[in-house]
Structures are given as C-alpha cells and as structure tokens.
Amino acid sequence: MTYCEKYGFDEKRRTDFLHLLDLSADDRLLAGQLQDLVIKPNVDAIVEDFYTYMLQQPVFMHLIEKRRIDLNALKIAQKSYLLSTGVNFDGEEYFEGRLRIGIAHAWNHVPLSQYLGAYRILQQIIIDQIPQRVDTPDWHDRMRACLLKVLTLDMLLAVETYHEIQVHSLENTVSTLRNVEARLKMEVAVDQLTKLASRAHAMDVLTSEVLYAHAKNRPLSVIMADLDHFKDINDRYGHPIGDRILMGIAARIKTCVRDIDTVGRYGGEEILIILPHADPDMAQNIAERILNKVSATPFAIGDYRINMTISEGISTINSKDTVDSLIMRSDAALYRAKRTGRNRIVIEP
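Under the numbering used here, the first residue of the sequence shown is numbered 6, with each subsequent residue one higher.
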C-alpha cells in the first residue's frame, strides 16, 4: 500500500488540495523556473544558511544529540528535498514523497511546532535567493507566491501524517490500556491457584442473583463446601501438594455444576457454589454429585495416593434473605456437616 492510499490521497483529494492552495498550471511553469533560476544555482548556500540558523536552536540541537543524527546525512537529505521542491507538484509521486518525509519526521519525534518553524525559516532563505528582474518587475512577486504555495503544500502534507500517526498512536495506547484493564479484571475475578472465581467476583455474582431471585420470585440455592481434614494434608505432605489437591478438587467440582452456576474460592479450602434457579432438591442433587466426585478416586501426586472427602452445607433463598443471611445459613449447615462426621451434606431449612 502506498502512502497516498494509506492516507486517502486519491486523485480527487489531491486535486482538492491543489485548488485549496490555488496551485495551477501557471504555477507548474513558475515552479520549473524556481528550480532552474533559484534553487539549483544556490542549493548549497541555502542548505548551509538553513543549518547555520538551526544549529543555534536549543530544541534542534537537543534532537540531534538525542537521536545521534549525522548532520552531513541530514544536509544531503535536505539538498535532495530542495531539488525536488515543486517538481510535478500535482502528481501522485510528489504527494507520496512529501508524505514519506512527514512520516520520517513524525516517527523521529520531531515536534510539529519545530518542523513548521523550520519551514518558515527555509521559506525566507529561499526568498532571499530570488533575484530581481528589470525586464519583468512582477516576476519576483510571482516567484515568491509560487514558492509559498508549494512549501505550504509540503507543510500541509506533513501535518496530515503527524495527525494520522498521533491518532494511530492513541488508538494503540487505548487498545493497550483496554487489554491491561481486561487482564486486571480477569486477575481480580479469578482465583489464581484454583482458577475458580475469586471471592470478590463470587460475591458480586451472588449479590446480583439475590436481587434477581427476589425481583422475579425465582429459586436460588447456595452450597458452602469445605475440604475435610485439609490442614492435616498440608501438615503431612506440605503446602505444594496441598495446593495441587485443592486445584484438583476445584476441577472436579466444576464438572458437576451447570453452565449457569458459579464456583468460587471463598477462602482457604472453602468453596462457594452459587446455583441460580435451583430449588432444594436440585441443589441437593448437585451437592451429591460433588460429594461423590471428590471422593470417587484418590489424588495421585508423585508416589502419593491421597483420598479426599468434602462437607457441604446448602441454603435456599427465602423472602427475607439477604446475601449475608444466605451465606450465614449455608455456613451454619456446613458447620453441622463437619460436626456430625464430615463427608456429608446438610440442608439448612
């Protein structure tokens, strides 16, 4: 893709630009004279005068030093630019070249104000080289007007590239920030060890489900589950193995619930399971699947085969329940399951 295509400079837009600046066929002739009678004979002097001035500017010197720019290479590029100034200014190739120059300056972080200010100095240096002609008194003014129009065209094309690059940069920045935001939200929403919902996210879900259940008079059940004798596992085998068991149990539980359910790590080895549209019977069926799945086969970790069980407490929402009371009732049921022998389900009435 050419720069003209990228920045939308088709034939119509190029023509519109030229009309805006009043660049006409007469200016093509004047631009040729500008090259032959002004720029070509004086190009070295123009370049030297331009850089003599620019090297006195702190902003320019800072840019040269920071970017480690070769001044001689810069002068060669400037000379090439001058020798093409105004040559077939109405052609696609001219627009392409000027867009390329603007892009190079933008990507090298040349401030736009510095860029435009330098153009103003360059204009005056070239104007000072335009000779007076006794035989054609208005020739100097016509040549000056042509030069200003051509250099304004060059400046406008540079401004276009600066604007587009800044927009592109902002879009990339916004996209990056959105990705970071999404990642941070995911990190907050997901427990990093078990890959279950985090406590904060699970509580947000439960809050929404409680409001919905009350508003629509729909059932909602909660299971509070806790691994049996998990402290003994950590003490005997070490926390790394305990973590792996916790991860394995989380994976097993997720196979027992529905797509609409939320399984979250409530804290330590406690797991909160939110069951929308689930009455006590459905909640008990899901809890039994979990109970059987967890204890069905031992966890094979290295040379160890570790049997695990789980205790569960169930509560189903009533007309007076809040998020806190629903949690408290399922937690009370879990406590009774633990106290009465573990590896069992208790339903809070």
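Just so you know, even glycine gets a beta-carbon here, dropped at the ideal spot from N, CA and C. Values in this document were obtained by computation on a predicted structure and should not be read as measured data.
Task: Proximity below 8 angstroms, CB of GLY318 to CB of VAL268 - done: As a working note, residue 318 is residue 313 in the sequence shown. As a working note, residue 268 is residue 263 in the sequence shown. Contact: no.
TODO: Give the secondary structure of GLY91 by DSSP, where H, G and I count as helix, E and B as strand, and everything else as coil.
DONE: Looking up residue 91 in the sequence shown gives position 86. When DSSP states are grouped into helix, strand and coil, GLY91 belongs to the coil group.
TODO: Taking THR321 as part of the alpha helix (DSSP H), name the residues at either end of that continuous run.
DONE: Locating residue 321 in the sequence shown gives position 316, counting from the first residue. Secondary structure note for THR321: it is in no alpha helix (DSSP H), and the uninterrupted beta strand (DSSP E) holding it is 315-321.
- [ ] Compute the distance between the beta-carbons of HIS206 and ALA194, then report whether it is under 8 angstroms.
- [x] As a working mapping, residue 206 is identified with position 201 in the sequence shown. As a working mapping, residue 194 is identified with position 189 in the sequence shown. It is a contact, given that the beta carbons lie within the stated cut-off.
Task: Simplified DSSP assignment, three categories, for ASP231 - done: Within the sequence shown, residue 231 is the residue found at index 226, counting from 1. Note: ASP231 maps to strand in three-state DSSP.
Task: DSSP three-state assignment for ILE130, whether helix, strand or coil - done: Locating residue 130 in the sequence shown gives position 125, counting from the first residue. Reduced to three states, the DSSP call for ILE130 is helix.
TODO: Taking TYR167 and LEU117 to be in contact with their CB atoms under 8 angstroms, please state how far apart those CB atoms are, rounded to whole angstroms.
DONE: For the purposes of this step, residue 167 is taken as residue 162 along the sequence shown, with counting starting at 1. For the purposes of this step, residue 117 is taken as residue 112 along the sequence shown, with counting starting at 1. Separation of the CB atoms of TYR167 and LEU117 is rounded to 5 angstroms, and the pair is thereby assigned contact status at 8 angstroms.
Open item on the list: I'd like to know whether the C-beta atoms of ALA78 and TYR120 end up nearer to each other than 8 angstroms.
Closed with: Residue mapping note: residue 78 aligns to position 73 of the sequence shown, counting from 1. Residue mapping note: residue 120 aligns to position 115 of the sequence shown, counting from 1. No, Cβ-Cβ distance for ALA78 and TYR120 is not below 8 angstroms.
Open item on the list: Can you give me the C-alpha to C-alpha distance between ARG18 and LYS259, rounded to a whole angstrom?
Closed with: Mapped onto the sequence shown, residue 18 falls at position 13. Mapped onto the sequence shown, residue 259 falls at position 254. Roughly 59 angstroms between the two C-alpha positions.
Task: Within 8 angstroms, strictly: CB atoms of ALA30 and PHE94 - done: Translated into positions along the sequence shown, residue 30 becomes position 25. Translated into positions along the sequence shown, residue 94 becomes position 89. It is not a contact, given that the beta carbons lie outside the stated cut-off.
Open item on the list: Does LYS154 pass the burial test, meaning 16 or more other C-beta atoms within 10 Å, or should it be called exposed?
Closed with: In the sequence shown, counting from the first residue as 1, residue 154 sits at position 149. So LYS154 ends up on the buried side.
Open item on the list: So, at 6 angstroms on beta carbons, what are the nonlocal neighbours of ASP196 in its own chain, with the 5 sequence-adjacent residues on each side left out?
Closed with: Counting from 1 along the sequence shown, the entry for residue 196 is found at position 191. These residues qualify, in order along the chain: SER203, ARG270.
Open item on the list: With the cut-off set at 8 angstroms, would you say VAL185 and ILE254 are in Cβ contact?
Closed with: Taking the first residue of the sequence shown as 1, we reach residue 185 at position 180. Taking the first residue of the sequence shown as 1, we reach residue 254 at position 249. Contact: no.
TODO: Flag this pair as yes or no: are the beta carbons of ILE291 and LEU280 separated by less than 8 angstroms?
DONE: In the sequence shown, counting from the first residue as 1, residue 291 sits at position 286. In the sequence shown, counting from the first residue as 1, residue 280 sits at position 275. A contact, by the Cβ cut-off of 8 angstroms.
- [ ] Tell me whether HIS24 counts as near the ligand FAD, meaning its Cβ is closer than 7 angstroms to at least one heavy atom of that ligand.
- [x] Inclusion of the ligand FAD in the displayed structure is not the case, the ligand content being empty and no account of it being possible.
Open item on the list: Determine whether the beta carbon atoms of ILE130 and VAL43 lie at a separation below 8 angstroms.
Closed with: Position 125 of the sequence shown, counting from 1, holds the residue named residue 130. Position 38 of the sequence shown, counting from 1, holds the residue named residue 43. Inclusion of ILE130 and VAL43 in the CB contact set at 8 angstroms is not warranted, their separation being larger than that value.
- [ ] List the whole-angstrom C-beta distance separating LEU211 from VAL328, where the pair is believed to meet the contact cut-off of C-beta under 8 angstroms.
- [x] In the sequence shown, residue 211 corresponds to position 206, counting from 1. In the sequence shown, residue 328 corresponds to position 323, counting from 1. Yes, they are in contact, since the Cβ atoms of LEU211 and VAL328 sit about 6 angstroms apart, within 8 angstroms.
TODO: Pick helix, strand or coil for PHE14, following the three-state DSSP scheme.
DONE: Within the sequence shown, the letter at position 9 stands for residue 14. Coil at PHE14, not helix or strand.
Task: Beta-carbon spacing of PRO245, THR321 below 8 angstroms - done: In the sequence shown, counting from the first residue as 1, residue 245 sits at position 240. In the sequence shown, counting from the first residue as 1, residue 321 sits at position 316. No; because the gap between Cβ atoms is not below 8 angstroms, this pair is not in contact.
Task: Segments assigned beta strand (DSSP E), at least 3 residues, entirely inside the stretch 272-327 - done: Restricted to the stretch 272-327, the beta strand (DSSP E) segments that are unbroken, complete and at least 3 residues in length are 275-281, 304-306, 309-311, 315-321, listed in chain order.
Open item on the list: With the cut-off set at 8 angstroms, would you say LEU88 and VAL48 are in Cβ contact?
Closed with: Taking the first residue of the sequence shown as 1, we reach residue 88 at position 83. Taking the first residue of the sequence shown as 1, we reach residue 48 at position 43. Yes, these two residues count as a Cβ contact at 8 angstroms.
- [ ] Pull up the distance between the alpha-carbon of ILE238 and that of ASN312, whole angstroms please.
- [x] Here the question's residue 238 lines up with position 233 in the sequence shown. Here the question's residue 312 lines up with position 307 in the sequence shown. The alpha-carbon of ILE238 is positioned some 10 angstroms away from that of ASN312.
TODO: Consult DSSP for ARG33 and reduce its assignment to one of helix, strand or coil.
DONE: Taking the sequence shown and counting its residues from 1, the one referred to as residue 33 is at position 28. ARG33 falls in the helix class under three-state DSSP.
Task: Contact belief for TYR8 with GLU101 at Cβ below 8 angstroms, rounded distance in angstroms - done: As a working note, residue 8 is residue 3 in the sequence shown. As a working note, residue 101 is residue 96 in the sequence shown. Between GLU101 and TYR8 the Cβ distance is about 5 angstroms, and since that is below 8 angstroms, they are a contact.
Open item on the list: For the alpha helix (DSSP H) containing ILE51, name the first residue and the last one.
Closed with: On the sequence shown, residue 51 is found 46 positions in, with the first residue counted as 1. Taken as a continuous stretch (DSSP letters only), the alpha helix (DSSP H) holding ILE51 covers 45-59.
Task: Cβ-based burial, ASP146 [other Cβ within 10 Å; buried from 16] - done: Along the sequence shown, read from residue 1 onward, the residue named residue 146 stands at position 141. Under this definition ASP146 is an exposed residue.
TODO: Give the C-beta separation of MET160 and LEU198 to the nearest angstrom, bearing in mind that I take them to be a contact with Cβ-Cβ under 8 angstroms.
DONE: By one-based count along the sequence shown, residue 160 stands at place 155. By one-based count along the sequence shown, residue 198 stands at place 193. At roughly 59 angstroms, the Cβ-Cβ gap does not stay under 8 angstroms, so MET160 and LEU198 are not in contact.
Task: Whole-number beta carbon distance between LEU26 and THR157, since they are thought to touch under 8 angstroms - done: Reading the sequence shown from its first residue, position 152 is the one you call residue 157. Reading the sequence shown from its first residue, position 21 is the one you call residue 26. About 6 angstroms separates the two Cβ atoms, so the contact holds.
- [ ] Could you please give the first and the last residue of the uninterrupted beta strand (DSSP E) stretch that includes VAL351?
- [x] Counting from one through the sequence shown, the residue named residue 351 turns up at place 346. Taken as a continuous stretch (DSSP letters only), the beta strand (DSSP E) holding VAL351 covers 350-352.
Task: Nearest-angstrom Cα separation, counted from SER330 out to PRO285 - done: Counting from one through the sequence shown, the residue named residue 285 turns up at place 280. Counting from one through the sequence shown, the residue named residue 330 turns up at place 325. Near 17 angstroms, if we compare the C-alpha coordinates of SER330 and PRO285.
Open item on the list: Checking the sheet assignment: what are the DSSP bridge partners for SER226?
Closed with: Position 221 of the sequence shown, counted from the first residue, corresponds to residue 226. SER226 pairs with LEU280, THR321.
- [ ] If I'm right that THR345 touches ASP233 with Cβ under 8 angstroms, what's the distance once you round it to whole angstroms?
- [x] Here the question's residue 345 lines up with position 340 in the sequence shown. Here the question's residue 233 lines up with position 228 in the sequence shown. Not a contact, Cβ separation roughly 12 angstroms.
- [ ] Look at the Cβ atom of MET229, then the Cβ atom of GLU169, and state whether they are nearer than 8 angstroms.
- [x] Indexing the sequence shown from 1 puts residue 229 at position 224. Indexing the sequence shown from 1 puts residue 169 at position 164. No, the pair does not count as a contact, with Cβ atoms beyond the cut-off.
Task: Buried versus exposed call for GLU293 [16 or more other C-beta atoms within 10 Å across all chains shown] - done: Taking the first residue of the sequence shown as 1, we reach residue 293 at position 288. Label assigned to GLU293: exposed.
Open item on the list: For VAL92, tell me which candidate among ILE108, ALA301, GLN38, ASN177 has the shortest Cα-Cα distance.
Closed with: Position 87 of the sequence shown, counting from 1, holds the residue named residue 92. When each option's Cα is compared against that of VAL92, the closest is GLN38.
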